[in-house]
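Engineer:
There are 2 protein chains.
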Amino acid sequence: MSDVAPRLSIGEAAERTGLSVHTLRFYEREGLLASPIQRDPGGRRVYHQDDVDWITVCVILRASGMPLPAIRRYTELVRAGGGNETERLVLLREHRERVVDQMDQLRKCLDLINFKAGMYEDVLDQLAVPPATSADADR
Amino acid sequence: MSDVAPRLSIGEAAERTGLSVHTLRFYEREGLLASPIQRDPGGRRVYHQDDVDWITVCVILRASGMPLPAIRRYTELVRAGGGNETERLVLLREHRERVVDQMDQLRKCLDLINFKAGMYEDVLDQLAVPPATSADADR
DNA sequence: CTAGGATCTAGAGTCGGCTCTAGGTCAACC
DNA sequence: GGTTGACCTAGAGCCGACTCTAGATCCTAG
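Going down the list, the protein sequences come from chains A and B. If you read the first sequence in this note's numbering, its first letter stands for residue 1, the second for the next number, and so on. If you read the second sequence in this note's numbering, its first letter stands for residue 1001, the second for the next number, and so on.
1) Hey, does V129/A have any beta-carbon neighbour from chain B nearer than 9 Å?
2) So with CB distances below 8 Å, who are the chain A contacts of L1089/B?
3) Taking its Cβ as the centre, do 16 or more other Cβ atoms sit within 10 Å of A1080/B, making it buried, or is it exposed?
4) With 9 Å as the threshold, decide whether the Cβ of T1086/B is near any Cβ in chain A.
5) With a cut-off of 8 Å on the beta carbons, I'd call T23/A and T56/A a contact; round off their distance for me.
6) Does the structure place the segment 1082–1093 of chain B close enough to the segment 100–118 of chain A that three or more beta carbon pairs sit under 8 Å?
7) Counting only beta-carbon separations shorter than 9 Å, does Q1049/B have a partner in chain A?
8) Going straight from the alpha carbon of Q1038/B to that of R1025/B, what length do you get?
9) What residues from chain B crowd round R73/A, counting only those whose CB sits closer than 9 Å?
10) Alpha carbons only, please: which of E1015/B, A1128/B, K1108/B and V1021/B is nearest the one belonging to R1044/B?
11) Rounded to whole angstroms, what is the Cα-Cα separation between I1071/B and V1046/B?
12) Measure from the alpha carbon of Y1027/B to the alpha carbon of each residue in R1107/B, N1084/B, E1121/B and V1052/B, then state which is nearest.
13) Would you call S2/A buried or exposed, if buried means 16 or more other Cβ atoms sit within 10 Å of its Cβ?
14) Taking V99/A as the reference, which of P1130/B, I1113/B, R1062/B and H1048/B has the closest Cα?
15) Distance check for D125/A and W1054/B, CA to CA, integer angstroms please.
16) Three-state secondary structure (DSSP) at A1039/B?
17) Taking C-beta pairs closer than 9 Å, name the residues in chain B that S35/A reaches, listed in chain order.
18) Going by Cα to Cα distance, which pick from G1083/B, N1084/B and M1066/B is closest to H1142/B?
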């Protein structure tokens, strides 16, 4: 047993969450953090695993396009403790719909790309083969 | 045979592409349109099916997160005509990677949502059943 | 002939989400 | 005890992608 309950500086928290220290402070100001970040005697932030875990959730939600205000609302519900599961569920389900829609759009885009890329590949193949092609046609 | 080669006003083009007239003009200024939009004698834009089709491609690419400058570059290649298929392919493949990455992130987010939503549903089920639960435990 | 609505241009404004700056504190090492 | 580097706050700045405004023009219907 060694690194139980690690106390992380903001720089270390930034490393593990993939955010910049600027963004970590910004998210805190924006009220996205579930629990207030501890401070050391010098006034510096001290992050615990729980904080990192929650921030990671935020990062995933953001990456899926959830706007900061929505994440904030969700955070507030979590902060408020049990008893509001229905509202949390509503929020999550709403976002799930948006995520599903996005996947659909991405699939459409992928189809488009594959279609167009296929066309270009064909054109390039045509150009690559011909050293013999026209002669072959005569035989 | 009636509506062959329809000539659309910007308002009609907006309807069919789902963009606003403002955005249509903006995209044009930004150089996203493959061919210059025709004008009627009064100086108004006239859109043809080809234009709408190309704009639709742009919309799909945008919806998948391709930045305007990338769409512009692609448009320029298309505008330049054949002979640059390799470059187009490179652009499309780069974007395909980003799209695939995004789908991955969305999947991760969906997992998270399903996991959390599942927890909340369980909590709510617990609350919904119990009218008899504690008494049952005594038998 | 005029009133209304769609269109035009150039340019300003908005919004979300960071990102950075200035000016200061603090801890640690040489 | 001086220097370096991570950290602090408050607030300004930036970027992408629209979105809107003002003031003019043009077409159509009444």
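Ideal Cβ placement from N, Cα and C applies to all residues, glycine included. Note that the structure is a prediction, hence the values are computed from the model and not measured.
Structural biologist: Quick look at the numbers:
1) Chain B, which has no Cβ nearer than 9 Å to the Cβ of V129/A, makes this no.
2) Chain order gives the chain A residues near L1089/B as A117, Y120, E121 and L124, where near means a beta carbon separation below 8 Å.
3) Classification of A1080/B: exposed, given that the 10 Å Cβ count is below 16.
4) It does: the Cβ of T1086/B has a partner Cβ on chain A nearer than 9 Å.
5) Not quite, the Cβ-Cβ distance comes to about 13 Å (not below 8 Å), so this is no contact.
6) Because the criterion of three Cβ pairs below 8 Å is met, the segment 100–118 of chain A and the segment 1082–1093 of chain B touch.
7) No, Q1049/B does not count as interfacial toward chain A.
8) Their backbone Cα atoms lie some 13 Å apart in a straight line.
9) The premise fails here: R73/A is roughly 14 Å from chain B at the closest Cβ pair, so nothing lies under 9 Å.
10) Of E1015/B, A1128/B, K1108/B and V1021/B, the smallest CA-CA separation from R1044/B is found for V1021/B.
11) Each residue's Cα considered, the two are about 22 Å apart.
12) Of R1107/B, N1084/B, E1121/B and V1052/B, the residue nearest in Cα terms is V1052/B.
13) Residue placement at S2/A is poorly supported in this model, since its pLDDT is 48, which falls under 50; the coordinates are not used for a value here.
14) Distances from the CA of V99/A to each of P1130/B, I1113/B, R1062/B and H1048/B were compared; the closest alpha carbon is that of I1113/B.
15) Taking C-alpha positions only, W1054/B is separated from D125/A by approximately 25 Å.
16) In the sequence as presented, Ala is not what sits at residue 1039/B; that position holds Arg. Reduced to three states, the DSSP call for R1039/B is strand.
17) Listed along chain B, no residue sits closer than 9 Å to S35/A by beta-carbon distance, the nearest being about 17 Å off.
18) Residue 1142/B lies beyond the range of chain B shown here (1001 to 1139); nothing can be said about it.
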